[in-house]
Each structure stands twice: as C-alpha cells, then as structure tokens.
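Have a look at the structure below before the remarks.
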Amino acid sequence: MTHFLESTLIKLLAIRPACLLLPTIWDQHSTILYGLAERTRHPQVIHGVKRLDERNQRLQEPSKIAPAASTTPAAQVYRILDNVDYSKTISVEEVSTDCMDVIPNPVHLVAVLLQWACSCYREGSHRACLATRLLRRWAHLGADIYECITLYLEGMSWTKGGDARKVFKIISELVRSRTFAAGRYMQWLIATGSIAQDLDISLPAAWPIRLITEIPISGLSDQVRTLRATLLRGTVYSVDLEEQMLDHAKLAISQQLPILCGIGYSDHDDAKIDIGKLGSTIRIELGIWLRQQVAQYAELNEHVPTKDPHVEETTLVSLITPHDFHVVRSYLEQFQDLPLLADVVNIVASSLDPCVLASAADTLHYHLKSFRAIGAFDSLFARVVNRYAAIRTIRFPERELLLSLSNLTRTLRLDNPLLQLLNYDLSRLDQKNSMAACSPASDNMGEVMCNISSSPEDEIERILLSGNSMDQQVMARVLRKITGSLQDCISKGLLQSDSYSGWFYRLRSFDDSTFDVVLNEWVNLCLSNHQVEILFLALPTLVGSGCMPLSGFLDSLRAYLSKTASGQPEVAFRVALEGLQSILPSELLAGTWSVQDRYRYRLEQHNLCYESEARVLQFIGELIELASFLPFQKVGQQLSSLLSCDAVLGIFKHYTLVDVASLAKLKGPSSNASLKKQYLKIPFSILLDPVGTLDLATRTPEQQILAVFDSASELSMPFCRAMIQQIFESESPSTEQSSDSLSSTLLNAIKSALEKDQSAGLELLVSLDNALTDKIRQHAEREIIDASAFLTSLPFDLQSLGQTSPTLVQKYLAVIDLTAGDTSESLDQTAMLISLVDRFKGVAQALNSLGGTSQADISTMSDLYTWMNALFRILLSHRTSLVQNASHQHQTSLLVALKVLIAHPTLEVYPRIAEHIFDVAVILSDLLSDDVRIQLARTESATYTDDPRCVFIVGYAMPVDSWLVLTKPVGQSQPAQNLAPSQPATTTLPNLPQMPGPGAPTPQQRYLNQQQQQRQQHMQVQQGQQMRSYPQYPQHPQNKMLPAQLQRNPSNQNTPTPLQQMQHMQHMQSLAQQRATQPSPVQSQRPTTAAGGPAGKLPAAQAREVRQFPYAQPRWEILAESSGNPNANETAINLSLFGARRA
C-alpha cells in the first residue's frame, strides 16, 4: 500500500501537480512530499516538489510575518542577547559564536553589543556584566577591542536612547582587566587635539575627556597616571579635588568599619559621605579599597572542618563580622560595582560564621542574573554550600543560614539532595526548639501576666518558654504583644533588634497552621480598622523571618480593596496606595529594622514584583480602576506620581519586554475606561521617551503617532507598540470619526516609513489589537482597489499604467501582511467582488495591447503583474466570504474573467504569470457551487476545449442526455416563463400517435427522444433489480444488457479488487455514453407529438404536465453494486472529507 501511494503521488507530481495545490494544509503535509523526494533522489521529482512548494506558499493567506526590521543583523543579535537564559549556567562561548555568526565584522558587532548594553529600552545591570565578558572573549579571539570601542564612541549613536554611564562602566571594567589600553587612548587624545579648555564634561560631545574621569587609576602605571593628571589639568575637572574626596570617603567608611579597617573607635563626629557627588573613578577606587580590606581581614586556620567529619584542612578563614559585611555590601551595591561584590562574596564564603554565610547566600540570590553573567555564580554557590556542609559536621547550623539557602535553592529549582538536606535540618530545628515540658503555654499565662514589674520583652520571652503548645486565642494575644512592643521600639527611634524575628519564628513553631490563621486574621483586622501603620512596620520583620510570604500580604490587600471599594472608596484607595508602596522594590530600604530583615524583604519585593504571574501588575490595574471613579483633584496627583516612580516604571518595562500579554491585566473591564487609559498613558510615555525629547504630552494623538514612528528602532519597538496601543485606546470609542482619523494617520505613517526605508516602523503593526489591525488592513485594501481603478477605463491606455507606481502597491501589501490574521470581514463583500472582476477584465484589455516581447513590453508586463498579484492577494484573503457567499452570477463572472486571462495568447510567453492565474482559479473553483460548476462546464466547453487548464478547473460537462434523468410533475398553472433556460419544460404525451414532421427532427424533438430513451432504460434497470431480488427464479434476459457493475455477484465468487471495480466503472460510463448517442427502439416506436403539431385528446389519468430535469451524475459518486459479501465494507464515501478536488 505504501508503494502504491508513493507511486500515485509521483504520478500526480508529473502529470497533475495542480491536484496538490492545498495551501491551507500544505505546511502540515509538505514534509511527506519532501521525504518522498529525498528517498527517490530523482531530479524531476525534487524539482517538482520545490516548485509545488513555491506555488502553495504563493497561495497561502498572509500571516503576521516578521518584517524586515526583525531580520536585520542587529535585530538578530539583540534577540540572541535578550534570550540568554540566566536561570542556568551561561555558556559565553555559545553566545559569542552565535553573535559572530550573524555579524562577522567585529567593529559592527561591538557597536551593536554596546548599543544593547547602554540602551534605556532594556533593564538590569546584568547587561553590562555580560557585555564585558563578551568583549573579553572577542579580544581573546584576536579582535582589536580598543579600535572597535573608539569607533563606536566617535559615532555617538549612544546619545540617542542610551546611557553613557553604562558605556563608560564597561570600558572601566575592560581597563581594569587590561583589555582596553588607557595609555593608548590618552595618546590618541593628544594626537587628535580633543582636549579643550574649560569644557563641560557633562555634555555628550565631551565624551573623550569624560572617559578618562570614569576609569580606575589603581592598575595604571605611574607614567599613565601622570599623563592623565596633565590632560585633566586644563579642564574643569580637578585631580587634586578627586584625591581629597577619595581620602575623605575612605575616612568616613573606616569609621563605620573600625575593626575591619584596623582603626580604633574615635570620639570625633563621624564623617559624612555623599555618594551621589562621588565621581566614577572615586567609586571604583573605593570598591577596590574595600575589597582589599576584606581580603586582609582573614587568618590561616589549621583546623578548618570539611564535609568529611574526619578530615580537616588548613586554609584562610575570613574573620569578617555580619555587620561589616552588610556595610561593605551596601557600599558596593551603591557603587554598582558587582564584579567587586562577587570577589568580596568569594572571600567571605570562607567564613565559619553562619550569619555571614547566610548574608552571602542572600547576596547571591539578589544578584543572581549579574553573577550568572559574570560567570561567578556557580563557584560562589558551591563554596557557600560546601561551607554549610562542613559546619553541620561540627555543630547544628543556624536557622538564618538554612532559611537563606532554602530560598535560594527553590529559586534555582534544584531537585537534589541539597534541598532534602535543608528541609531535614529545618525540621530538626523545629523539634529542637520544642520544650520538653508537657504543659501548654496558656497554663503559665496568668503567672506571667501577674509579674507587673517585668518588661514586655521579658514577658514575651517567658511566654515563649513556658510550654510546647499554644491554642489560637493565646497565640493571638502573644502576637499582639509582640507587634505592640515593636511599635513602641520604633516610636522611640530605637534600632530594632534581631529578637523580633526570633520571636515571630518561635511563635510560629508552636503550630504553623494556627499561626497562619492568627496572622491572617490580624492582617485583615488591621486593614479593616485602617491601622496600617503597625502593619507596615511589622511586615519587613515578618517577611524577613520567613513567617509570612509577601504574596500572602498582597492577597489580603486585594481582598480588602474589593470588599471596601464600594462603601469607602477614598479610604480604600489610601490604604491600597500605601500597601502598594510597601510592596514595590526599593534599592535602599530605610527604617529601623535589622539589616538582615531589610535585605531579605528587598529580595522578596523584587521576586514578587517580577514574577511570571504578574499579580502586582493586576493589583496596580485594580488600584487605577478604583481611582477612575474618584475625583481627579483628590487622587489624580498621587496616582500619577506613583505611576511615574522608578519602581513602577521598572515593573512596566520588565513585562513589556518579557511578557507583553500580561499588560492586559492593567486594563480589564471598566465602566470608566477613558480615564483609566489616560492614567496608563503616563508611564508608557515615559518609558518610550525617558528624556522628554518627543514631548508627547503636548501633542495631539495624530502627532504622537507620527513621533512614535519616527523614533521606532529595533530596541524601542516593544515600547512603541505599547504607546501606539495606548493612543488608540485613550480615544473615546464613541467618536468613530476620530478613530478613523487615527487609523488613517497610522497608515500614512506606515507609508512614510516605507518610503524612507524605515523598516523598523513596520514592526509596530505585528502585535496591535485585532480591531485596530482590521481597520488598517481594510484601509490598505481599499487603497489598492482604488489605485487600480485605471484598469477599468475604456479604452485602456498603457500610459495610465505608469501613473501609479507599483512600488506603492508593494508597500500596501506589506501592510496587509503585517495586519493579517483572524479578522472580521467587511460588510460590502459584493461590491468588492464586482470591483475585482472589473479589474480582471481590465487586465485582459491591457493584455490585448501587449503583443511583443520587447523591453518596453516586458517592463509593462512586470508592472501589470504587480497589480495582478496585489488583487489576487486581496481575493485569496477574502475568498471564503467573496466567492462562497456570492451569487451564482458573480461566481460565474469571476471564473470566466480568470479563464480569459489563463487562455490569453499574450501570456504564452509568460508561463509563470499564467500559472499563477491558473493556481488562483483552481483554489477558487473549490468554493463554487455545483450549479455554477456545471453551468461553467457547459458554457465554456466549446470555447476552451483545447485548453486542459480550463477543463481542470471546472471539469468536463456531463451530457444532459446521459443515462439518468429526473422527472417531476408540475402544476398546470405554473407559467412557462418561470422555467430556467437551461432546463426547458417538456410535456410527455404517452399513447398518442406519432405525427411525422417534415425534414430532420428539431432540437426539441431530439431532446425529448433522448429523455424518453433514458427514462425507458432507467425503468428497465429498476425492473431488473426487482427481479434480481428473487434469487430462486431465473434472471430475466434483459439483465444481460446491464453492465457488470450493476449485476449482483454470486456469493461463491471472490470480491472484486479496487482496480477491477475502477475498470468496471469506466466501462459502465462508456456504455452509458454509447446508449445516449444511439436511438432507442422503444423510443422510435413510442408515439410523440411533433413540435408545433396538434395535441390529441389526453386520458384523464395522464393529463398531468411533468418536467424532466437532466441529472448529471458525478463520476466519483458512481459505485459498483453490492457484491453480496457480508464481510465487505461497501459504504459510499464522500471524498470531500479528504480534501479531494473535483475534476
């Protein structure tokens, strides 16, 4: 069977390739034909499959293809860099190879990389780390990175949509690793004369001087440092002031780290340091100095435990305290010097202090992406884990270390023995904290409360130590006592001690499920009573101690908002606004909480706000929804300030880049959608234009659209799409005229972008709303149809063909491709079909004017084919609604116009064009009704009998005098003029004498004779079938006149094969045609009434007028008679279920 199917496919490819024109399912089944071509390895078969693939691709409906902007080398490199997976180890070799495969030129590749790293349309400090690592890799491979960077800086492309500080940060890292030669660069400054007196180095044009103020000086030679000081002496930048500020900053930091820096405590006032006023060189030097201090504060220990409890080693052990590590980490994070921070974590990972190791694990968790990009995460994580395994061999690990490592392991999604070991240690810790006493804490509660002289802290300690069980009521009282003590501590301005985290955890260890219920009730009570101050004060401690997930607080906040918004909207808005501000991530969390709790709370804020579920984004949408029902004077300013802050903008930027579909959670259904969209328009305007050069707020929507298109680039594309969407959604839906104006403006902007070859602007259409893309596509289609109106002018003038440039057609087709998809059809489909048919007729007139193959004719034909292709694209994209739902007259007109083009003699020298027209006609013929198909086959059979293409489209005409006829009685009152011309009414007058007529019979007589003959044969077939139903009697001799297919096979005969059945069917059809052409003896003996002759007297029983309808039986519906084999499946099959083409 497989061989038979393959042979059939090969025959179709060779003889009837048009049978395989199946554009809707071609992508799904084309692999079968390609596999067949590979197996046969026949050149003709391979060429046929490729050619068939081209024809099917040409007929497919346009989909939202990636425009030229997405296929540029720069866009491909951006996509590679954006798709780097930071959840696992990054192979910088693979990323480097992928980028070099796209752009082999190192100068262009480095420019693209730096533009991506410094762009304001991307997020995260990990970009600079990855770019630095890639540049070092390419320098190792032999690229002249110095030359590439200087050429990029000279082009100043980073000034548009870029942050120069990030570029200088990357260069400073390259200087520190000796990849970028600072001395060579300073010599270039002298040679080019780039030094100017009193030059403001903050200006973009002053980047040559500013660069040497951004690089480290520790690793430079004395000659280079002297040269740098000499070059800067003539500018406004003072080297002496730089040294003074550096010394002052070191003194201020040393006073905070007296033990680490080796200085004694001083009674003098602490020196203040303003990090914002420190230059980049000073920050880099301070980071290097801090790393040196951390590295020096270590000792050689000969008895360092290992994972093996019986083995010890001699190694350096860091002696840094948790406080000192927190201070060092804080400064390095403010300096944004993450490579140095990775070095510090690597040093402190040798510590035996569990709190220091816990802080190191939290640091790895917070800077996961950056440390992955640097390439240091795996080694640092392994060092911390090994130290944890070593500590647990000599003593039980502290809960801080277990909690930090557990959180980090879950983020890494590690399913290994480490997570099991951590869970085991946490469970052992819970058991260890349980007291051996059997009495519940409530038994000693009264005794504790009677001790009035004790402090609240002592009372809390005695309660927590008074038993190993606690009911819900007592646990609620203890929780309120802890939060009350916390509020008193903060109100007095005291630094919160670490005991509060321990109290919350110890209280939860009594019964975690009961604690969760009590804590949830307390949170809901605080929100309902609007006592949010104590709640927000306790939240960092609860989250930092691991007693409450921040996502649980967000759920409680959303539940409160939905419950209170209807009754007290203003109070609900205020509480929700404060709650959102406590959830938003912050780089520096100010407050009196412990350092460890603050850092873990920052980590939880970051993880919640950038999670894949985007729950914070949905809560922001609910808050905007509530604000839209309140007066703008009361809440507008507060909400606008919130949406414009860096934290919210960072969240919007993240989801715009990573998951743009999640932005739909901001909108949602709303009865006041216009004001809500106006609020949302603010942050997206800032994201697109962070500097404010476009000034979108003061422009009209039409001007905003044009400005967005002008600023569109490969990097800003996601934000341009979001801004276009906001512009259209901000308009009132009732103003249809305004919406059409915006669509027209958008289309004009697209045309302008195409004329300027700004392919990046076209990508804006890829992800717009379907309703908007429908309008744009319909507008483009109308423009094409209107622009092709010159084809309908009579007589046709070839000069009118050049009045409209075919390039304009290609631009509109590009718009149609970008806006394709599941769209609603326009209302006036009939007018569109009539317009297309008229233009196809005009194309035929234009072909009549072309008769040669001169260069002018070839150029004219090329332009004409461009218009034909555009019209075909419109026709195919709407073929279901245009053709299938059209009237028979319109279907016939369309196919006739296409068949005229197929058989036009001018196209004989352009076979590819004729083939395209033929393919379109074949696809449309599948949508024709049976009546139209039969009518076309009859009317056109005489015209195109020699053209097999036209015959293939609608098939052969079945003869009306074939072996089947349908006779129906009609009423006497039915007027004759209602009869269709193709179905003439005839009156059968039996038992009347035949009236001979003079001469040859008329066509009506021949038709009546043939119909009577068919009817007689049909009655004979029915009689034979009735007699064959009685097998005990011999068959009537008339059965011998029946074909073999209509005779029942005896039960003792074998079932005919499918090939035999096909041969029998063909033989039956040939017999039927022979009988149709021969006069029937019965018909010749039967009396008929001559045309125009007198009518005789009719019997009363037969005086009914009947009409005979020609019944054309399709060949594929002719089946052999049942063979009588009960085991055979002889059910008739509708081949249209298999996509069979009618022919």
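Under mature numbering (1 follows the signal peptide of the UniProt record, and there is no 0), residues -20 to -1, 1 to 1123 are what the sequence shown spells out, in order. Heads up, the beta-carbon is just placed ideally off N, CA and C, and yes, glycines get one too. Computed from a prediction, not measured in an experiment: that's the story for all the values here.
Asked                                                                                                                                                                                 : Found
In chain order, what residues of the same chain have a beta carbon less than 7 Å from the beta carbon of residue -4, not counting five sequence neighbours either side?               : 28, 32
Verify whether the separation of the beta carbon atoms of residue 585 and residue 611 is less than 8 Å.                                                                               : no
For the alpha helix (DSSP H) containing residue 294, list its first residue and its last residue.                                                                                     : No alpha helix (DSSP H) contains residue 294, which is instead part of the beta strand (DSSP E) from 292 to 298.
Given 8 Å as the limit, is there contact between the segment 590 to 600 and the segment 513 to 528, that is, 3 or more CB pairs closer than that?                                     : no
Between the Cα of residue 654 and those of 688, 623, 710, spot the shortest distance and give me the residue it belongs to.                                                           : 710
I'd like the list of long-range same chain contacts for residue 374, defined as Cβ closer than 8 Å, with 5 residues on each side in sequence excluded.                                : 285, 289
Beta strand (DSSP E) containing residue 284: first to last residue?                                                                                                                   : 278 to 285
Taking 8 Å as the cut-off, decide whether the C-beta atoms of residue 295 and residue 330 are in contact.                                                                             : yes
Less than 7 Å between the CB of residue 726 and some heavy atom of the ligand NAD, yes or no?                                                                                         : The model depicted lacks the ligand NAD and carries no ligand whatsoever.
Hey, quick one: how far does the alpha helix (DSSP H) through residue 234 stretch, first residue to last?                                                                             : 219 to 236
Would you identify the three-state DSSP class for residue 947, choosing helix, strand or coil?                                                                                        : strand
For residue 82, which option in 53, 88, 106 has the closest C-alpha, if you only look at C-alpha atoms?                                                                               : 53
Quick check on the burial criterion: 16 or more other C-beta atoms within 10 angstroms. Buried or exposed for residue -17?                                                            : exposed
How big is the Cα-Cα spacing for residue 496 and residue 481?                                                                                                                         : 16 Å
Can you give me the Cβ contacts of residue 463 inside the same chain, cut-off strictly under 7 Å, excluding the 5 residues immediately before and after it?                           : 514, 518
For residue 239, tell me which candidate among 212, 743, 274, 223 has the shortest Cα-Cα distance.                                                                                    : 274
Under three-state DSSP, which class holds residue 416?                                                                                                                                : Caution is warranted here: a pLDDT of 38 is assigned to residue 416, below 50, making its placement in the model unreliable, and no coordinate value can be reported.
Can you list, in chain order, the residues of its chain with a C-beta nearer than 6 Å to that of residue 508? Leave out the 5 residues immediately preceding and following it.        : none
How big is the Cα-Cα spacing for residue 465 and residue 436?                                                                                                                         : 7 Å
Going by the beta-carbon positions, is the gap between residue 106 and residue 349 smaller than 8 Å?                                                                                  : yes
Tell me the residue span of the alpha helix (DSSP H) that contains residue 188.                                                                                                       : 187 to 192
Return the chain-ordered list of same chain residues with a C-beta closer than 7 Å to the C-beta of residue 641, the five sequence neighbours on each side being excluded.            : none
Have a look at residue 535 and residue 587 and give me their C-alpha separation to the nearest angstrom.                                                                              : 15 Å
Comparing alpha-carbon positions, which option in 621, 673, 603 lies nearest residue 646?                                                                                             : 603
Do residue 251 and residue 231 have their CB atoms nearer than 8 Å?                                                                                                                   : yes
What is the DSSP secondary structure of residue 142, counted as helix, strand or coil?                                                                                                : strand
Quick one: what does DSSP say residue 99 is sitting in, helix, strand or coil?                                                                                                        : strand
Assess, as a yes-or-no matter, whether the segment 162 to 175 is touched by the segment 198 to 216 under the definition of 3 or more beta carbon pairs within less than 8 Å.          : yes
Cα separation between residue 886 and residue 841?                                                                                                                                    : 10 Å
Quick one: what's got a C-beta closer than 6 Å to residue 854's C-beta in the same chain, skipping five residues either side?                                                         : 761
Quick test of the definition: if touching needs 3 or more C-beta pairs under 8 Å, does the segment 57 to 67 touch the segment 865 to 872?                                             : no
Count the other CB atoms, across all protein chains shown, that sit within 10 Å of the CB of residue -20; report buried if there are 16 or more and exposed otherwise.                : exposed
Please check the pair residue 799 and residue 702, which I expect to be a contact at CB under 8 Å, by giving their CB distance rounded to whole angstroms.                            : That belief does not hold up - the Cβ atoms of residue 799 and residue 702 are roughly 18 Å apart, past 8 Å.
State yes or no: is the C-beta of residue 84 within less than 8 Å of the C-beta of residue 123?                                                                                       : no
Identify every run of the alpha helix (DSSP H) within the segment 659 to 713, keeping only runs that are complete inside it and at least 4 residues long; order them along the chain. : 681 to 690, 697 to 710
Can you list, in chain order, the residues of its chain with a C-beta nearer than 7 Å to that of residue 698? Leave out the 5 residues immediately preceding and following it.        : 636, 637, 640
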